[in-house]
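First comes the structure, then the notes that go with it.
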Amino acid sequence: MKKYTKIKDISNLNETIKEAILLKINPFEFQDLGKHKTLVMLFFNASLRTRLSTEKAAKNLGMDVMVLNVNDAWQLEFEDGTVMYANTSEHIKEAAQVISQYADIIAVRAFPALTDKAKDQSEYILKSFEKFATVPIVNMESATAHPLQALADAITITELAEKPKPKVVLSWAPHPKALPQAVANSFVEMMRNLEVDFTITHPEGYELDKNITKETPINYNQKEALKDADFVYVKNWSNFNDYGKVLNRDENWMMTKDKLGNAKFMHCLPVRRNIVVEDAVLDSENSVVIKQANNRTYAAQIVLKQILEGLL
Amino acid sequence: MKKYTKIKDISNLNETIKEAILLKINPFEFQDLGKHKTLVMLFFNASLRTRLSTEKAAKNLGMDVMVLNVNDAWQLEFEDGTVMYANTSEHIKEAAQVISQYADIIAVRAFPALTDKAKDQSEYILKSFEKFATVPIVNMESATAHPLQALADAITITELAEKPKPKVVLSWAPHPKALPQAVANSFVEMMRNLEVDFTITHPEGYELDKNITKETPINYNQKEALKDADFVYVKNWSNFNDYGKVLNRDENWMMTKDKLGNAKFMHCLPVRRNIVVEDAVLDSENSVVIKQANNRTYAAQIVLKQILEGLL
Amino acid sequence: MKKYTKIKDISNLNETIKEAILLKINPFEFQDLGKHKTLVMLFFNASLRTRLSTEKAAKNLGMDVMVLNVNDAWQLEFEDGTVMYANTSEHIKEAAQVISQYADIIAVRAFPALTDKAKDQSEYILKSFEKFATVPIVNMESATAHPLQALADAITITELAEKPKPKVVLSWAPHPKALPQAVANSFVEMMRNLEVDFTITHPEGYELDKNITKETPINYNQKEALKDADFVYVKNWSNFNDYGKVLNRDENWMMTKDKLGNAKFMHCLPVRRNIVVEDAVLDSENSVVIKQANNRTYAAQIVLKQILEGLL
Numbered sequence: 001m002k003k004y005t006k007i008k009d010i011s012n013l014n015e016t017i018k019e020a021i022l023l024k025i026n027p028f029e030f031q032d033l034g035k036h037k038t039l040v041m042l043f044f045n046a047s048l049r050t051r052l053s054t055e056k057a058a059k060n061l062g063m064d065v066m067v068l069n070v071n072d073a074w075q076l077e078f079e080d081g082t083v084m085y086a087n088t089s090e091h092i093k094e095a096a097q098v099i100s101q102y103a104d105i106i107a108v109r110a111f112p113a114l115t116d117k118a119k120d121q122s123e124y125i126l127k128s129f130e131k132f133a134t135v136p137i138v139n140m141e142s143a144t145a146h147p148l149q150a151l152a153d154a155i156t157i158t159e160l161a162e163k164p165k166p167k168v169v170l171s172w173a174p175h176p177k178a179l180p181q182a183v184a185n186s187f188v189e190m191m192r193n194l195e196v197d198f199t200i201t202h203p204e205g206y207e208l209d210k211n212i213t214k215e216t217p218i219n220y221n222q223k224e225a226l227k228d229a230d231f232v233y234v235k236n237w238s239n240f241n242d243y244g245k246v247l248n249r250d251e252n253w254m255m256t257k258d259k260l261g262n263a264k265f266m267h268c269l270p271v272r273r274n275i276v277v278e279d280a281v282l283d284s285e286n287s288v289v290i291k292q293a294n295n296r297t298y299a300a301q302i303v304l305k306q307i308l309e310g311l312l
Numbered sequence: 313m314k315k316y317t318k319i320k321d322i323s324n325l326n327e328t329i330k331e332a333i334l335l336k337i338n339p340f341e342f343q344d345l346g347k348h349k350t351l352v353m354l355f356f357n358a359s360l361r362t363r364l365s366t367e368k369a370a371k372n373l374g375m376d377v378m379v380l381n382v383n384d385a386w387q388l389e390f391e392d393g394t395v396m397y398a399n400t401s402e403h404i405k406e407a408a409q410v411i412s413q414y415a416d417i418i419a420v421r422a423f424p425a426l427t428d429k430a431k432d433q434s435e436y437i438l439k440s441f442e443k444f445a446t447v448p449i450v451n452m453e454s455a456t457a458h459p460l461q462a463l464a465d466a467i468t469i470t471e472l473a474e475k476p477k478p479k480v481v482l483s484w485a486p487h488p489k490a491l492p493q494a495v496a497n498s499f500v501e502m503m504r505n506l507e508v509d510f511t512i513t514h515p516e517g518y519e520l521d522k523n524i525t526k527e528t529p530i531n532y533n534q535k536e537a538l539k540d541a542d543f544v545y546v547k548n549w550s551n552f553n554d555y556g557k558v559l560n561r562d563e564n565w566m567m568t569k570d571k572l573g574n575a576k577f578m579h580c581l582p583v584r585r586n587i588v589v590e591d592a593v594l595d596s597e598n599s600v601v602i603k604q605a606n607n608r609t610y611a612a613q614i615v616l617k618q619i620l621e622g623l624l
Numbered sequence: 625m626k627k628y629t630k631i632k633d634i635s636n637l638n639e640t641i642k643e644a645i646l647l648k649i650n651p652f653e654f655q656d657l658g659k660h661k662t663l664v665m666l667f668f669n670a671s672l673r674t675r676l677s678t679e680k681a682a683k684n685l686g687m688d689v690m691v692l693n694v695n696d697a698w699q700l701e702f703e704d705g706t707v708m709y710a711n712t713s714e715h716i717k718e719a720a721q722v723i724s725q726y727a728d729i730i731a732v733r734a735f736p737a738l739t740d741k742a743k744d745q746s747e748y749i750l751k752s753f754e755k756f757a758t759v760p761i762v763n764m765e766s767a768t769a770h771p772l773q774a775l776a777d778a779i780t781i782t783e784l785a786e787k788p789k790p791k792v793v794l795s796w797a798p799h800p801k802a803l804p805q806a807v808a809n810s811f812v813e814m815m816r817n818l819e820v821d822f823t824i825t826h827p828e829g830y831e832l833d834k835n836i837t838k839e840t841p842i843n844y845n846q847k848e849a850l851k852d853a854d855f856v857y858v859k860n861w862s863n864f865n866d867y868g869k870v871l872n873r874d875e876n877w878m879m880t881k882d883k884l885g886n887a888k889f890m891h892c893l894p895v896r897r898n899i900v901v902e903d904a905v906l907d908s909e910n911s912v913v914i915k916q917a918n919n920r921t922y923a924a925q926i927v928l929k930q931i932l933e934g935l936l
């Protein structure tokens, strides 16, 4: 693997998922692979799971890790040709090249601002790192994608599926704040590549990017969509068409124990209790969110392992 | 040891103190014990000594360490059953379980707000971690206790005592800001478990929690209390009865070289010079605050060692 | 080496530069030297290169590293004898002694405030650490000096010089904000110790400290100064006489491809594009800023190596 900025960077998905699951048996088996290799983790935004699981994954592989909150460095400029008279002190051209000399792999988290659709869709932060860095880039959640989360989700579904081709439903949920589409996008893309029966349900008008959902069935009737589901992935995203707006806070879209039935409940976390999903779901045996979060370590570890192998 | 949230978690105090002192001879002797074990350190508040000494202690034992300022992650919710519509993004139920999967031990620092006595006394942050985490918890100073500091204090007194059953005095000092009772509480509790002659002196009305001080003699006359003292531990705390208030700024309670006499001066640091204690004390041979701070490493190390042994 | 707070702490500059270059062949050759040794890095200010390169250098040598933003600890007091009633919680006397017990080497970054010349020139932060710490201090940029940068600059010039005694020009550049003189000061001092033909060019009135520039030729005519230059180091600094003021924003002082000619372009980074230097320079083969930044690792590593050797 040359980088992991999007799901398609994985060449053999099923094999990768199996290998990730095998890593759990002995997480330290490949400690020599990362010896004298450094992962630099750059955060433009808050992180708990991604920060800890990715750092742990790297250390499981014997890597050194340096974590930098970009706020502790210099405000970066991403526009080409700009006269840097305002707030930005350093251009990504220099920053990415420089960091590449201190790192064998660079991992970046950079959320969208959700105010300028074209700018967010351009993925200018992630793409700039890809363009100017001279080492592999790992996406720790960008404006439009969260492929490490999606890989952890795929590992979780693969581990817990009780039948071939389980039914998986992505169900929109309300949220007080405007959230990115990144997690939903990557989950959709991942499901389209797994052997699952996949449906999306959300209020009318809350369609995700058609270039990502493509032929995936969309059902505006949540109850119908959830019927006979094996896995229900609940997630809020702000409106994609009326970009970044919170147009719907309808509590009826909250996931309840009643709606969930016997399905397994998934969420990337953090989750707002009794807004996105009621306590009764999260506190039940049906919730697999903690296992999902655990799989973040092995998703990151298999990605770093494959990238390190590519560096040999 | 299964955890270290309070002094009573130490089963054999005298033995533990002796072992801690022995660690100084070869701090790296038990490097295999922490191999492939991870300490996650979570900070809700500022830290210098606790941060550096605990991280160092863990590394001395061969552990990996991940440090996370909670501000760099998500604002946590601690109330049960709440509808998370406001500022909190993640419930401690998820956070503690999730972090437990990335950590073999979790250390937490969470100061009191000093505005709601019942809430602070409930130790809801520390207790929530204890309740929901699935790995041992270490208290790096909670609302009401600082047991790692108290253990370092006990090590210091044990090392420096020049006679059996030395006289130890805890002497309140003025301070411009409202400070927690945590350090004083844990010191009192620790002294009640050591072979020392222990007295507390503070202005009338500045009584600590009676459930902690119990039968400890309290003398409102500082001069009398300090008579023939071998160790004088100076510390401010805000009022416990009129909770969190600064009711007294009387400079006469500042520790001076004159008052101290031949006793050894102790303080947990940070200390405000010429408010809590005059320069002449801190800059004299009688001050053992630097040695005390050094013992933070070995207090943390013996605690982590005993917890790691409990994990075997 | 007992410490590295200024260039003169290097006893044999040419030998040290050569050794630094040799470190690149096998950066991990001296991993045993740092085993069980801890570098504590303290940041009062923002950092990208210094943070990552110094941490990496220490790890290359097998050291443990603990990074602390001083904002995450306590506000420090530096005045002697002060009554600490205001904002500062801890005196440098305690802080430096305490941290020395957790560290084998302490590295400090502390920029000048640029409002009080005498205070900045006193280097009270760096000097206080030197005075009260009991372990070697490394300067990661202080009020008036950036000797790790200057050493990286010397390595870069030594590596890339195509003839003996190359002509080196330090050329002032405009900048919207008031910047320290530290980088320029250390570069000047370093150049005075290298076998180079060295000239400074800046607008009249922008003289650096005469105690540093001494007999170095100063030419107010940039074009004349740049003639036949082999290396041009471009850097803004705020006015030293009318201290900390931005008295000149003349765009004509910006470095252009035309002015640079065949010389190699140097800058410590971060650099504001099209203010300090035009894109055409930074994006050309003549720019060696990325190589310079890479040499930060080896400058830090040779310094830490020599200090570690001094600890044996």
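Residue numbers (the numbering used here), protein chains in the order written: chain A, 1 to 312; chain B, 313 to 624; chain C, 625 to 936. Every residue, glycine too, gets a C-beta built ideally from N, C-alpha and C.
* To do: Under the assumption that Lys347/B contacts Gly374/B (Cβ atoms under 8 Å), give the Cβ distance between them as a whole number of angstroms.
  => Along the second sequence, read from residue 1 onward, the residue named residue 347/B stands at position 35. Along the second sequence, read from residue 1 onward, the residue named residue 374/B stands at position 62. Rounded, the Cβ-Cβ distance is 5 Å, consistent with contact.
* Asked: Where does Tyr85/A fall in DSSP's three states?
  -> Locating residue 85/A in the first sequence gives position 85, counting from the first residue. Reduced to three states, the DSSP call for Tyr85/A is coil.
* Nearest to Thr825/C by alpha carbon, out of Ser795/C, Met890/C, Asn898/C and Gly885/C? -> Sequence index remark: in the third sequence, residue 825/C carries index 201 (1-based). Of the candidates Ser795/C, Met890/C, Asn898/C and Gly885/C, the one whose C-alpha sits nearest the C-alpha of Thr825/C is Ser795/C.
* **Arg249/A (DSSP reduced to helix, strand or coil)** => Your numbering for residue 249/A matches position 249 in the first sequence. Coil, per DSSP.
* Cβ-based burial, Ala797/C [other Cβ within 10 Å; buried from 16] -> One-based indexing of the third sequence puts residue 797/C at position 173. It is buried - the Cβ of Ala797/C has at least 16 other Cβ atoms within 10 Å.
* To do: Would you list the residues sitting across from Leu692/C in a DSSP beta bridge?
  => Position 68 of the third sequence, counted from the first residue, corresponds to residue 692/C. BP columns for Leu692/C point to Leu666/C.
* Considering only residues of the same chain and omitting the five flanking positions on each side of Ala143/A, which have a CB-CB separation below 6 Å? -> As a working note, residue 143/A is residue 143 in the first sequence. Result list for Ala143/A: Pro112, Asp120 and Glu123, in chain order.
* Asked: Would you report the Cα separation of Gln916/C and Leu354/B, rounded to the nearest angstrom?
  -> In the third sequence, the residue the question calls residue 916/C occupies position 292. In the second sequence, the residue the question calls residue 354/B occupies position 42. Rounded to whole angstroms, Gln916/C to Leu354/B spans 37 Å at the Cα level.
* What runs of the alpha helix (DSSP H), each 4 residues or longer, lie entirely inside the segment 97-176 of chain A? -> You should have 117-121, 124-132 and 147-160.
* Given Val289/A as reference, the closest of Val271/A, Asn12/A, Ser53/A and Leu304/A once Cα atoms are compared -> Residue 289/A sits at position 289 when you count from the first residue of the first sequence. Nearest in C-alpha terms to Val289/A, of all of Val271/A, Asn12/A, Ser53/A and Leu304/A, is Val271/A.
* Asked: What span of residues does the beta strand (DSSP E) with Lys859/C cover, start to end?
  -> Locating residue 859/C in the third sequence gives position 235, where the first residue counts as 1. Run containing Lys859/C: Phe855 to Lys859, per the beta strand (DSSP E) assignment.
* How about Asn69/A: is its C-beta nearer than 8 Å to some C-beta of chain B? -> Within the first sequence, residue 69/A is the residue found at index 69, counting from 1. Yes, its Cβ sits closer than 8 Å to a Cβ of chain B.
* Given Asp230/A, which residues of its chain have a CB within under 8 Å of its CB, disregarding the five upstream and five downstream residues? -> As a first step, residue 230/A must be located in the first sequence, where it is residue number 230. The answer, listed in chain order, is Ala161, Glu162, Lys163, Pro166, Lys167, Val168, Ala263 and Lys264.
* To do: State the Cα-Cα distance for the pair Leu491/B and Leu247/A, rounded to the nearest angstrom.
  => Counting from 1 along the second sequence, the entry for residue 491/B is found at position 179. Counting from 1 along the first sequence, the entry for residue 247/A is found at position 247. Rounded to the nearest angstrom, the two C-alpha atoms are 45 Å apart.
* Among Thr525/B, Met567/B, His579/B and Thr317/B, which has the Cα closest to the Cα of Asn586/B? -> Residue 586/B sits at position 274 when you count from the first residue of the second sequence. The shortest C-alpha separation from Asn586/B is found at Met567/B.
* Between Leu351/B and Leu624/B, which are expected to be in contact by the criterion C-beta below 8 Å, what is the C-beta distance as a whole number of angstroms? -> Here residue 351/B corresponds to residue number 39 of the second sequence, with the count starting at 1. Here residue 624/B corresponds to residue number 312 of the second sequence, with the count starting at 1. The pair is not a contact, with the Cβ atoms about 16 Å apart (cut-off 8 Å).
* Spell out whether any CB of chain B is found under 8 Å from the CB atom of Ile749/C. => Numbered from its first residue, the third sequence carries residue 749/C at position 125. No, its Cβ sits nowhere closer than 8 Å to a Cβ of chain B.
* **Chain-ordered neighbours of Ala697/C on chain B, where CB pairs are closer than 8 Å** => Working through the third sequence from its first residue, we reach residue 697/C at position 73. What Ala697/C touches in chain B: Ala358, Ser359, Leu360 and Arg363.
* Nearest-angstrom Cα separation, counted from Lys37/A out to Gly310/A -> By one-based count along the first sequence, residue 310/A stands at place 310. By one-based count along the first sequence, residue 37/A stands at place 37. Each residue's alpha carbon lies about 13 Å from the other.
* For Met255/A, does the three-state DSSP call read helix, strand or coil? -> By one-based count along the first sequence, residue 255/A stands at place 255. Looking at Met255/A - three-state DSSP - the assignment turns out to be strand.
* Asked: By the 10 Å Cβ neighbour count, where 16 or more other Cβ atoms means buried, how is Glu224/A classified, buried or exposed?
  -> Numbered from its first residue, the first sequence carries residue 224/A at position 224. Burial call: exposed.
* To do: Please report the Cβ distance between Thr528/B and Val500/B, rounded to the nearest whole angstrom; I am assuming they are in contact, meaning their Cβ atoms lie under 8 Å.
  => In the second sequence, residue 528/B corresponds to position 216, counting from 1. In the second sequence, residue 500/B corresponds to position 188, counting from 1. Thr528/B to Val500/B, Cβ: 6 Å. Contact.
* So which residues on chain C does Thr609/B lean against when the C-beta distance must stay under 8 Å? -> Sequence index remark: in the second sequence, residue 609/B carries index 297 (1-based). Correct list: Gln725 and Tyr726.
* Asked: Thr511/B lies in the beta strand (DSSP E); which residues open and close that run?
  -> Position 199 of the second sequence, counted from the first residue, corresponds to residue 511/B. Where Thr511/B is concerned, the enclosing beta strand (DSSP E) stretches over Asp509 to Thr513.
* Through-space distance from Ile730/C to Gln721/C, alpha-carbon basis -> Here the question's residue 721/C lines up with position 97 in the third sequence. Here the question's residue 730/C lines up with position 106 in the third sequence. About 11 Å.
* For chain B, find out if any of its Cβ atoms is closer than 8 Å to the Cβ of Ala719/C; answer yes or no. => Within the third sequence, residue 719/C is the residue found at index 95, counting from 1. Closer than 8 Å to some Cβ of chain B, the Cβ of Ala719/C qualifies, so yes.
* Counting Cβ pairs, one atom from each stretch, are 3 or more of them under 8 Å apart for the segment 70-80 of chain A and the segment 316-328 of chain B? -> no
* Neighbour list for Phe340/B in chain C, Cβ cutoff strictly below 8 Å -> Counting from one through the second sequence, the residue named residue 340/B turns up at place 28. Neighbours of Phe340/B on chain C, chain order: His660.
* **Val232/A versus Thr50/A, Gly81/A, Ile302/A and Trp253/A, residue with shortest Cα-Cα distance** => Position 232 of the first sequence, counting from 1, holds the residue named residue 232/A. Comparing Cα-Cα distances from Val232/A to each of Thr50/A, Gly81/A, Ile302/A and Trp253/A, the minimum goes to Trp253/A.
* Could you spell out where the beta strand (DSSP E) holding Lys576/B opens and where it closes? => Start at 1 with the first residue of the second sequence, and residue 576/B comes out as number 264. Its beta strand (DSSP E) spans residues Lys576 to Met578.
* Quick one: which residues of the segment 886-910 of chain C get their C-beta closer than 8 Å to a C-beta of chain A? List them in chain order. => Leu893, Pro894, Val895, Arg896, Arg897, Asn898, Ile899, Asp903, Leu906 and Asp907
* Span of the alpha helix (DSSP H) around Leu620/B -> Taking the second sequence and counting its residues from 1, the one referred to as residue 620/B is at position 308. Start and end: Val601 to Leu623.
* Asked: How many whole angstroms separate the CB atoms of Pro27/A and Gln301/A, which I take to be in contact at a CB cut-off of 8 Å?
  -> Within the first sequence, residue 27/A is the residue found at index 27, counting from 1. Within the first sequence, residue 301/A is the residue found at index 301, counting from 1. Contact flag correct, Cβ pair sits at about 7 Å.
* Asked: Residues bridged to Asn843/C by DSSP?
  -> One-based indexing of the third sequence puts residue 843/C at position 219. Asn843/C pairs with Thr825/C.
* Asked: Taking three-plus beta-carbon pairs below 8 Å as touching, is the segment 390-410 of chain B in contact with the segment 362-374 of chain B?
  -> no
* If the cut is a Cβ gap below 7 Å, which residues of chain B does Val664/C touch? -> Position 40 of the third sequence, counted from the start, is the residue given in the question as residue 664/C. Ordered by position in chain B, the residues that pass the 7 Å Cβ test against Val664/C are Leu364.
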